[in-house]
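There are 2 protein chains.
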Amino acid sequence: MKIVHAQDVPSEASSLAGTKRTTLRWLIAAKDGAPHYAMRLFEIEPGGAIPVHTHGDIEHEIFIVEGEAICNDGKNESKVKTGDALLVLPGDQHSFKNTTDHMFRFICVIPI
Amino acid sequence: MKIVHAQDVPSEASSLAGTKRTTLRWLIAAKDGAPHYAMRLFEIEPGGAIPVHTHGDIEHEIFIVEGEAICNDGKNESKVKTGDALLVLPGDQHSFKNTTDHMFRFICVIPI
Chain A
11 MKIVHAQDVP SEASSLAGTK RTTLRWLIAA KDGAPHYAMR LFEIEPGGAI PVHTHGDIEH
71 EIFIVEGEAI CNDGKNESKV KTGDALLVLP GDQHSFKNTT DHMFRFICVI PI
Chain B
11 MKIVHAQDVP SEASSLAGTK RTTLRWLIAA KDGAPHYAMR LFEIEPGGAI PVHTHGDIEH
71 EIFIVEGEAI CNDGKNESKV KTGDALLVLP GDQHSFKNTT DHMFRFICVI PI
């Protein structure tokens, strides 16, 4: 069993074009021996954002652990907040914009 | 995209023998169209526990969202707390015991 605290995992900038003030930590990854999926912690600072985008072949399963943000699914905006779970299927558009004064943090699980 | 708040998902008792004061909510499941893995929220009340057990063929990826507990891997006990991520591989023994006065909550992702 691997046990790691999120703050002990290095953070890196998101590589997605147009992303602002957003970092992620690979809490559980293929290099840990994870057989099927990886767990990342995303952190979007106040004023930060991940622009609307889509993935053709992978899903996201997301759980918001802290804060709130505006989520755009390509058509509509909605507020998402601590305790919300999101299933983003392949092809689903999605984005997050932190318009608050606090950090926005979420877990995002993706296939390996 | 599915968006749901954890508290709006019904909770059910854990079916694992020996589990005490523990419920789970299926936040994202096969019925939602999740292709590969499901996300559950476990809640262990003060005095509650999930006994030491193992799964032969599935992994768990866990993120602790609230509280702390004692985790036993079949050999050693360690304290786990908010912000910890755990990779429990097939065959790994694991358990949780909430010896605190507060709720212990964690996300647990399993293959479908």
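Heads up: the protein sequence lines correspond to chains A and B, in order.
When you line the first sequence up against the numbering used here, it's residues 11 to 122, in that order.
When you line the second sequence up against the numbering used here, it's residues 11 to 122, in that order.
Idealized CB from N, CA, C, for every residue including glycine.
| Asked | Found |
| --- | --- |
| From the beta carbon of P56 of chain B, is the nearest beta carbon of chain A less than 7 Å away? | no |
| Just to confirm, is the Cβ distance from G77 of chain A to H15 of chain B under 7 Å? | no |
| Excluding five sequence neighbours on each side, which residues of the same chain lie with their C-beta closer than 7 Å to the C-beta of H65 of chain A? | P100 |
| Taking Cβ positions only, does K12 of chain B come closer than 7 Å to chain A? | yes |
| Examine chain A for any beta-carbon lying closer than 7 Å to the beta-carbon of L26 of chain B, and answer yes or no. | no |
| For E69 of chain A, count the other beta carbons within 10 Å of its own beta carbon; 16 or more makes it buried, fewer makes it exposed. Which is it? | buried |
| Closest to R35 of chain A by C-alpha separation, out of A:I54, A:T109, A:V90 and A:D102, would be which residue? | A:I54 |
| Using DSSP with H/G/I as helix, E/B as strand and the rest coil, what is D94 of chain B? | strand |
| Kindly list the residues whose CB is nearer than 7 Å to the CB of D18 of chain A, restricted to its own chain and excluding five residues on each side of it in sequence; keep chain order. | none |
| Could you tell me if S105 of chain A is buried or exposed, where buried requires 16 or more neighbouring beta carbons within 10 angstroms of its beta carbon? | buried |
| Quick check on the DSSP output: the beta strand (DSSP E) that includes H70 of chain B runs from which residue to which? | H70 to E76 |
| With a threshold of 16 other CB atoms inside 10 Å of the CB of L96 of chain B, please say whether the residue is buried or exposed. | buried |
| Should A27 of chain B go down as buried or exposed, given a rule of 16 or more other Cβ atoms within 10 Å for buried? | exposed |
| Could you give the residue range of the beta strand (DSSP E) that holds I117 of chain A? | F114 to P121 |
| Sort out for me which residues DSSP pairs K50 of chain A with in a bridge. | At residue 50 of chain A the sequence reads Arg, which differs from the Lys that was named. The partner list for R50 of chain A (beta bridge, DSSP) reads A:W36 and A:C118. |
| Taking 7 Å as the limit between beta carbons, can you name the residues of its chain near T109 of chain A, skipping five residues before and five after? | I80 |
| Per DSSP, what kind of secondary structure is K85 of chain A in: helix, strand or coil? | coil |
| Report yes or no: is there a C-beta of chain A within less than 7 Å of the C-beta of A44 of chain B? | yes |
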